[in-house]
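Inspection log for the structure reproduced underneath, given as structure tokens.
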Amino acid sequence: MPTDEDRRGELGAFLRSVRERVVRAEFGLPPAGRGRTVGLRREEVSYLSGVSVTWYTWLEQGRDINPSRQVLDAVGRTLRLGVAEHRYVLNLAGFAPLPAPPSHEVATVPSHLQRFLDAIGDNPAYALTAEWGIAGWNDAYERLYPNVATTAPNERNLLWAVFTDPAVRALLADWELTSQRFLAEFRAEIGSRLGDPVLADLVARLSDVSPAFRAGWQRHSIEGFESRERLFHHPEFGTVRYEHHQLRPSDQPEFQIVVYTPLAD
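So the sequence shown is residues 1 to 265, counted in UniProt numbering.
Put into structure tokens, the structure is as follows:
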């Protein structure tokens, strides 16, 4: 198990490695001593980041200090860290990565994730945003829940569908149990972001239109996700049983992919 000293040492070594290999011309800086075109001085990183040179030097030396997230973000921007690199720095310093900021715009999955959903084939699959907006789905999921393709984008939200669409209520064999389980999982996921405008608006609108949501929200139930059996009463296919799975793409962790795989009777 790595110690705090190990993590501080790795953080310092990583920052030093990045600093020493960046191209000076990309920062509008002339070559350094002996015509060196690669690598920034610590003083230059300090100046560009707005961080004291002593503080930055201590970071690279792995000193027992407690850098703020703002300092690490500033250094990360200066060194032009990628998403994975920035996340690595935050984790080493004991911070969780910042969630994606909420947006009133309707998100759609990137093309490579849509291809992944399509490749899942006959197993219903869809992608959720951090606010549980349905951002993509495959043909199998549309066959299971046709309304997903015709619902207005700003209402294409899993919780909204579960608590307001009569077709979903008829589709779910155990609607009372499943709807409250979803609500408890949703609350567990977004607990630290309850003040976000998009989430506050969703909760307010659902509380207005759904007594079941309002009562469940007031219970403050919390549950983590677990794969489980799901039973659907489909008007065309009859009763179908699936196992419910969830995963997050490493390169797009703001989305969660939900897949239903069939269970034999």
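For each residue, glycine too, the CB sits at the ideal point set by N, CA and C.
By DSSP's criteria, V259 is part of a beta bridge. Which residues make up the other side? Beta bridge pairing from DSSP links V259 with A125 and H245.
According to DSSP, residues forming a beta bridge with residue 266: A query on residue 266 cannot be resolved here, the shown segment of the chain reaching from 1 to 265 and no further.
Given this structure, state the Cα-to-Cα distance separating P253 from L72, to the nearest angstrom. Linking P253 to L72 through their CA atoms gives a straight-line distance of about 21 Å.
Taking the straight line between their C-alpha atoms, what separation do you get for T239 and H233? Going from the Cα of T239 to the Cα of H233 covers about 4 Å.
For E44, count neighbouring C-beta atoms within 10 Å of its own C-beta (all shown protein chains included) and say buried if the count is 16 or more, exposed if not. Buried, because 16 or more other Cβ atoms sit within 10 Å of the Cβ of E44.
Classify H220 as helix, strand or coil using the three-state DSSP reduction. Coil.
Round the Cβ separation of S207 and A184 to the nearest angstrom and send it over; I've been treating them as touching at under 8 Å. In fact, because the Cβ distance is near 16 Å, the residues do not count as touching under 8 Å.
Count Cβ pairs between the stretch 134–147 and the stretch 106–120 that sit closer than 8 Å; are there 3 or more? Touching, yes.
Simplified DSSP state of G136, which is helix, strand or coil: In this structure, G136 counts as strand in the three-state DSSP scheme.
Beta-carbon proximity of G136 to V168, cut-off 8 Å: At least 8 Å separates the beta-carbon of G136 from that of V168.
Candidates L202, F182, L159 and Y242: which alpha carbon is nearest L144's? Proximity to L144 across L202, F182, L159 and Y242 peaks at Y242, based on C-alpha coordinates.
Compute the Euclidean distance between the alpha carbons of W55 and S49, then round it to the nearest angstrom. Whole-angstrom Cα-Cα distance: 11 Å.
CA nearest to the CA of R36, picked from Y47, E60, R24 and L199: When only C-alpha atoms are compared, the closest one is R24.
Compare the C-alpha of P235 against each of P31, R8, A173 and R193 and name the closest. The candidate whose alpha carbon is nearest that of P235 is A173.
Could you check what DSSP says for P102 in three-state terms: helix, strand or coil? Reliability of the predicted coordinates at P102 is poor, the pLDDT of 48 falling under 50, and no value is obtained from them.
According to the Cβ coordinates, are E85 and R16 closer than 8 Å? Contact flag unset, no.
If distances are taken between C-alpha atoms only, which option among R115, E5 and L231 comes closest to A264? Checked all of R115, E5 and L231; the closest Cα to A264 is L231.
When A212, A200, H245 and S111 are compared against D251, the one with the closest alpha-carbon: Measuring C-alpha to C-alpha distances from D251 to each of A212, A200, H245 and S111 identifies S111 as the nearest.
Which of the three DSSP states, helix, strand or coil, is assigned to T108? T108 carries a coil assignment under DSSP once its states are collapsed to helix, strand and coil.
Check whether the Cβ atoms of L199 and E155 lie closer than 8 Å to each other. In this structure, L199 keeps its C-beta atom at 8 Å or more from the C-beta atom of E155.
Which word fits S179, buried or exposed, when buried means at least 16 other C-beta atoms lie within 10 angstroms of its C-beta? Around the beta carbon of S179, 16 or more other beta carbons sit within 10 angstroms, so the residue counts as buried.
Would you tell me roughly how many angstroms separate the C-alpha atoms of E176 and Y260, rounded to the nearest one? Answer to the nearest angstrom: the Cα atoms are 20 Å apart.
Bridge partners - H86, DSSP secondary structure assignment: Per DSSP, none; premise fails for H86.
Same chain only: Cβ atoms within 7 Å of I134, ignoring 5 sequence neighbours per side: Taken in chain order, the residues that qualify are Y126, L128, V148, R156, N157 and L158.
I'd like to confirm the pairing. Which residues does DSSP put opposite F232 in its beta bridges? Beta bridge pairing from DSSP links F232 with L172 and V240.
Taking C-alpha atoms, which residue in E189, G224 and F237 lies nearest to P146? When C-alpha distances from P146 are compared across E189, G224 and F237, the shortest belongs to F237.
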